[in-house]
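When the letters of the sequence shown are read in order and numbered with our numbering, they come out as residues 5 to 502.
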Amino acid sequence: MKLRPPIITIIGHIDHGKTSIIDYLNKTNIIKNEKGNITQNILAYKININGESFVFIDTPGHNYFIEMREKSINITDIIILVISSNEGIKKQTIESINYIKNFNIPTIIVITKVDIGFNNINKIKNDLTKYNIIDKNIGGMYDFVYISIKNNYGIKDFLNLIIKYKNNIINKLTFNDKKLDAYIIELFNNKNGTVLYVITKNGYIKTGDILLFDNNYSKIKYIKNEYFIKTDKTFPSLPYYLYGFSNISNVYDNNLIYIKDIKEAKKKILNYNKNNSIYINDNKNNTLLNNDNLDFKKNNLIKLNYIIKCNNYGSYKAIKLFTDSLINNYKNIINTINISIGNINKNDIMLSLYSKFKILGFNINLNNKELNVIKKKNIFFKNYFIIYDLLDYINNEVNNILIQISKINYSKGLAEVVDVFLISKNNTILGCKILDGKIKVNSLVRIKRKNVILYDKIIINSIRIYKKNVIEVLKNTECGICIKKKININKKDIIESN
5 MKLRPPIITI IGHIDHGKTS IIDYLNKTNI IKNEKGNITQ NILAYKININ GESFVFIDTP
65 GHNYFIEMRE KSINITDIII LVISSNEGIK KQTIESINYI KNFNIPTIIV ITKVDIGFNN
125 INKIKNDLTK YNIIDKNIGG MYDFVYISIK NNYGIKDFLN LIIKYKNNII NKLTFNDKKL
185 DAYIIELFNN KNGTVLYVIT KNGYIKTGDI LLFDNNYSKI KYIKNEYFIK TDKTFPSLPY
245 YLYGFSNISN VYDNNLIYIK DIKEAKKKIL NYNKNNSIYI NDNKNNTLLN NDNLDFKKNN
305 LIKLNYIIKC NNYGSYKAIK LFTDSLINNY KNIINTINIS IGNINKNDIM LSLYSKFKIL
365 GFNINLNNKE LNVIKKKNIF FKNYFIIYDL LDYINNEVNN ILIQISKINY SKGLAEVVDV
425 FLISKNNTIL GCKILDGKIK VNSLVRIKRK NVILYDKIII NSIRIYKKNV IEVLKNTECG
485 ICIKKKININ KKDIIESN
């Protein structure tokens with residue numbers, strides 16, 4: 005019976021000690037080399053415990069790296085949920101608990117940093133009961149262990165639990181060397197194309213193999229292991245880098261398929277495209293560079309335009325999750341955000357020059373030639389190495405515009421709320437009568453109650469008269485107004501438009 009090493013994924017809230025566990029077990033210092041001492045990539049490590057091999061996957065804890073966490077959970081055999089004793093249950097702790105419940109994967113609950121938060125342990129355990137995460141010692145389903153990396157406390161118990169859990173799932177660790185079962189964990193573009201970071205659970209990938217995923221195929225030029233040393237083939241559970249794919253901007257399916265020859269690969273891609281016509285390239289769909297978008301003078305609001313270049317696919321998805329939310333809330337302030345993987349190219353420079361796009365980078369490496377062009381053309385460019393800093397920059401830009409808008413004199417339109425039709429998580433729909441002036445779609449409004457401002461800088465998303473959408477409404481007209489935001493509003497409240 006052939007066995008592969010178990011894959012163990014460490015999940016939990018940011019800065020709760022996930023990477024510290026890897027460092028301790030692997031006798032490394034990953035944290036020291038991470039920007040801001042936070043994990044922003046998904047990486048796997050082969051680690052020996054008592055002579056047995058394990059593969060540990062370290063996941064980012066930041067809110068927007070949700071897809072990275074989901075990918076690692078999909079292939080894992082054992083989960084380690086890390087909770088810091090001095091902080092307790094946080095947002096990503098709850099997200100992790102939902103994974104545990106949905107995927108039904110054996111899980112060890114690890115309470116960390118007990119050297120500074122020992123007195124909080126009972127409270128954390130009590131809080132976890134609300135999510136039905138209960139210690140086996142009191143009749144629950146989960147093993148709890150309490151550790152301090154700093155003081156070497158509880159480590160032996162922790163390691164013994166890992167060995168125990170491996171023995172419990174031994175039948176699930178058998179592998180079939182005749183069938184390929186491989187998963188893309190990450191991808192990034194460099195000057196030679198796209199590099200895939202993969203883990204296999206069955207079968208092998210060899211140099212020269214033809215692999216297919218989505219509508220992309222390639223012959224593998226060479227393979228590198230986790231230490232970037234070239235090797236002829238992969239082994240199950242271990243992480244590898246595959247070289248040979250052309251530049252790829254998106255991944256819809258993270259499974260790799262072995263194909264015998266190029267002819268078969270082309271045939272499968274043809275069938276894939278027929279059956280998946282709904283898939284649109286995320287980058288093109290995001291950009292929407294049509295005449296309306298590029299005519300910035302049509303709207304009095306100052307609109308923001310960004311080109312964002314990411315170092316890998318995981319970062320791309322994390323930043324896109326943030327920007328999609330931002331666009332949904334402030335689409336009349338943000339005009340275009342064009343996100344892609346890889347370094348700045350000629351198209352980016354041309355777009356920045358002629359359409360005044362700001363270029364923001366996340367962990368990208370530029371050579372002197374590219375930097376000289378940016379400097380010579382006076383192109384706005386900032387490169388960030390910590391995701392917080394990039395997201396904060398965009399947020400601050402939005403807030404600065406909102407401050408400017410708040411100084412506008414609101415006197416062009418006045419409406420009274422005569423009915424409240426709907427208040428939901430993302431929408432408020434009102435029946436209104438225009439008392440004075442006019443109110444237009446996309447205009448900024450403030451809402452008052454008895455002359456007290458309740459809300460400011462609210463954007464009118466759409467206006468209807470009966471069932472017909474209109475751009476504006478005039479004095480003495482009744483209409484329906486939709487605001488893409490949940491607000492607490494009552495009849496007789498006043499809407500003022502600039």
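From the three backbone atoms N, C-alpha and C, an ideal C-beta is built for every residue, glycine too.
Predicted model only: the values in this text are computed from it and were never measured.
Excluding sequence positions up to five away, which residues of its chain have a Cβ less than 6 Å from the Cβ of residue i?
i       : result
Ser-241 : Arg-8, Pro-9, Ile-11 and Val-59
Asn-294 : Per-residue confidence for Asn-294 stands at a pLDDT of 29, beneath the threshold of 50, marking its modelled position as unreliable; no derived number is given.
Ile-499 : Ala-419, Val-449 and Ile-451
Tyr-103 : Ile-77
Here's a check: name, in chain order, each residue in its chain whose Cβ is nearer than 8 Å to the Cβ of residue i, leaving out the five neighbours to either side.
i       : result
Lys-490 : Ile-427, Ser-428, Lys-429, Asn-430, Asn-431 and Thr-432
Ile-167 : Ile-53, Asn-54 and Glu-56
Thr-211 : Ile-224, Lys-225, Tyr-226, Ile-227, Asp-236 and Lys-237
Leu-165 : Ile-112, Asp-147 and Val-149
Asp-497 : Glu-420, Val-421, Ile-451, Lys-452, Arg-453 and Leu-458
Ile-462 : Leu-448, Val-449, Arg-450, Ile-451, Ile-487, Lys-489 and Ile-491
Are residue i and residue j closer than 8 Å when you measure CB to CB?
i       : j       : result
Ser-501 : Ser-447 : yes
Asn-316 : Phe-239 : no
Ile-485 : Ile-464 : yes
Gly-21  : Val-86  : yes
Ile-405 : Asp-352 : no
Phe-425 : Gly-441 : no
Gly-207 : Asn-229 : no
Asp-131 : Gly-92  : yes
Lys-313 : Ile-363 : yes
Ile-331 : Leu-308 : no
Lys-373 : Ile-343 : no
My understanding is that residue i touches residue j, with C-beta atoms under 8 Å, so please give their C-beta distance in whole angstroms.
i       : j       : result
Tyr-247 : Tyr-226 : 5 Å
Leu-184 : Ile-209 : 7 Å
Thr-116 : Ile-79  : So it is not a contact: roughly 24 Å between Cβ atoms.
Ile-25  : Ile-120 : About 16 Å separates the two Cβ atoms, so there is no contact after all.
Gly-188 : Phe-217 : According to the sequence shown, residue 188 is Ile rather than Gly. Confirmed, about 6 Å.
Ile-84  : Ile-18  : Not really, about 16 Å apart at Cβ, beyond 8 Å.
Val-199 : Tyr-244 : That pair is no contact at about 10 Å.
Leu-370 : Asn-347 : 6 Å
Ile-46  : Asn-30  : Between Asn-30 and Ile-46 the Cβ distance is about 16 Å, and since that is not below 8 Å, they are no contact.
Helix, strand or coil: which one does DSSP assign to residue i?
i       : result
Val-445 : coil
Lys-176 : helix
Lys-495 : coil
Ser-57  : strand
Phe-384 : coil
Asn-124 : helix
Asp-19  : coil
Ser-501 : strand
Leu-394 : helix
Asp-161 : helix
Thr-133 : helix
Asp-213 : coil
Leu-370 : coil
Arg-453 : strand
Glu-91  : coil
Ile-14  : strand
Inset, instruction - Examine the Cβ distances between the segment 374–394 and the segment 473–488 and report whether three or more of them are shorter than 8 Å. - result: no
Inset, instruction - Would you be able to state if there are at least three C-beta pairs under 8 Å between the segment 173–181 and the segment 116–130? - result: With the cut-off at 8 Å, the segment 116–130 and the segment 173–181 do not touch.
Inset, instruction - Spell out a yes or no on whether the segment 105–113 and the segment 138–150 are touching, meaning 3 or more CB-CB pairs, one atom from each, closer than 8 Å. - result: yes
Legend entry - Inter-stretch contact at 8 Å, needing at least 3 Cβ pairs: the segment 377–387 / the segment 344–357: yes
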